[in-house]
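Note that the protein sequences, when read in sequence, are chains A and B.
In case it helps, full-length UniProt numbering puts the first sequence at residues 1 to 135.
In case it helps, full-length UniProt numbering puts the second sequence at residues 1 to 135.
Here a beta-carbon is modelled for each residue, glycine too, at the ideal position from N, C-alpha and C.
It should be emphasised that the depicted structure is a prediction, and the values quoted were computed from it without experimental measurement.
Notes to accompany the following structure.
There are 2 protein chains.
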Amino acid sequence: MRIGQLAQLVGVETQTIRFYEQQGLLPPPDRQDNGYRVYTEKHGEGLAFIRRCRILGLSLAEIHELQSYQDDPHQPCTAVNALLDDHISHVRSQITALQALEKQLVSLRASCNDNREVEACGVLAGISEGNMHQQ
Amino acid sequence: MRIGQLAQLVGVETQTIRFYEQQGLLPPPDRQDNGYRVYTEKHGEGLAFIRRCRILGLSLAEIHELQSYQDDPHQPCTAVNALLDDHISHVRSQITALQALEKQLVSLRASCNDNREVEACGVLAGISEGNMHQQ
DNA sequence: TAAAACTATAAAGCTACTATAAGGTCAATA
DNA sequence: TATTGACCTTATAGTAGCTTTATAGTTTTA
């Protein structure tokens, strides 16, 4: 299987596959005589794992960490769970921050309507004067 | 006022001020004979405006856009409000996406406990097998 | 046979800074 | 006077996770 086929199979771009290889997330595949990469099913699984982790918002470093655990199958999986717990609390704090931001933006938006000149715009005034009561 | 004082006043690093100047967000200040930048109160206000916009999550491009509106004070401020509305819906969709992600992560986490070997880890299995029922 | 489609590498671009390097300026001190 | 320390200057590289571009070689198709 060549890189284009693998890319289509998993739904990524070929450059992304080369990038993951360069980053040490995908093992370097064998090469044909012409230098073309040849992939196996294992590579497909590895790539799919990476993509699912990315969809879950894990960083490449965290993915690397997970892979290192997989190389040690008889260790307890405490660290895996801890990694996920950390990530969950990270996501939760992002949500909290964005919700606070939304409130702020909505209240800023409420200070204006479309029938004004820029000079009298409540939004711009609100930003300029720092009426940004954050809590 | 020199760059260090301005930086301290607004609470940014001096490099950030130079960066904003280079990006066209802050007007180039006058220079002393020795080449040192000299800032006025206007610059302070401009910099504070930029920082407040950044706290609101606006990109430098959006800030640039807002500044261009400020240069035309007698235009209607429709575009300003539209920019904010767009940003609010952007923030809201981020929140929605993160909430869905959180659910996914929590359910994944629930599929394991700390008393297993990596080989039998419910989290790793969940990712590997793609049990990632997204809705 | 020639063009289209695929592969390769290397390097730059994206965002919004932050950090580092190498040096010039200025006031106070030894 | 020499030097130390704090400040300023520019230019360049690094961060994350790719994407884009440039340039070139290979294979497949028309």
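| Asked | Found |
| --- | --- |
| Mapping DSSP to helix, strand and coil, what is V12/B? | coil |
| Kindly say whether Y69/A, judged by its beta-carbon, lies nearer than 8 Å to any beta-carbon of chain B. | yes |
| Report all residues from its chain with a CB closer than 7 Å to the CB of L7/A; omit the five preceding and five following residues, and keep chain order. | The sequence as given places Ala at residue 7/A; Leu does not occur at that position. Hits under 7 Å: E13, T14 and I17. |
| E117/A and H74/B look like a contact to me (Cβ under 8 Å); what is the Cβ gap, rounded to whole Å? | 5 Å |
| Using a Cβ cut-off of 8 Å (strictly closer), state whether P27/A contacts chain B. | no |
| Rounded to whole angstroms, what's the CA-CA distance from C112/B to G130/B? Just pull it up for me. | 15 Å |
| Chain B partners of S107/A, CB-CB under 9 Å? | Ordered by position in chain B, no residue passes the 9 Å Cβ test against S107/A, which lies about 11 Å from the chain. |
| Taking Cβ positions, are L98/A and I95/B nearer each other than 8 Å? | yes |
| M132/A CB to nearest chain B CB: under 8 Å? | yes |
| Can you give me the Cβ contacts of C121/B inside the same chain, cut-off strictly under 7 Å, excluding the 5 residues immediately before and after it? | C112 |
| Just confirm the distance between the C-beta atoms of E123/B and L84/A, as a whole number of angstroms; I'd bet it's less than 8 Å. | Sequence check: residue 123/B is Val here, not Glu. The pair is a contact, with the Cβ atoms about 6 Å apart (cut-off 8 Å). |
| With a floor of 3 residues, list each beta strand (DSSP E) that falls wholly inside the UniProt domain "HTH merR-type" (1 to 69) of chain A, ordered by position along the chain. | none |
| Helix, strand or coil, according to DSSP, for Q135/A in the structure here? | Note that Q135/A has pLDDT 45, beneath the 50 cutoff, so the model's placement of it is unreliable and the number below is only indicative. In this structure, Q135/A counts as coil in the three-state DSSP scheme. |
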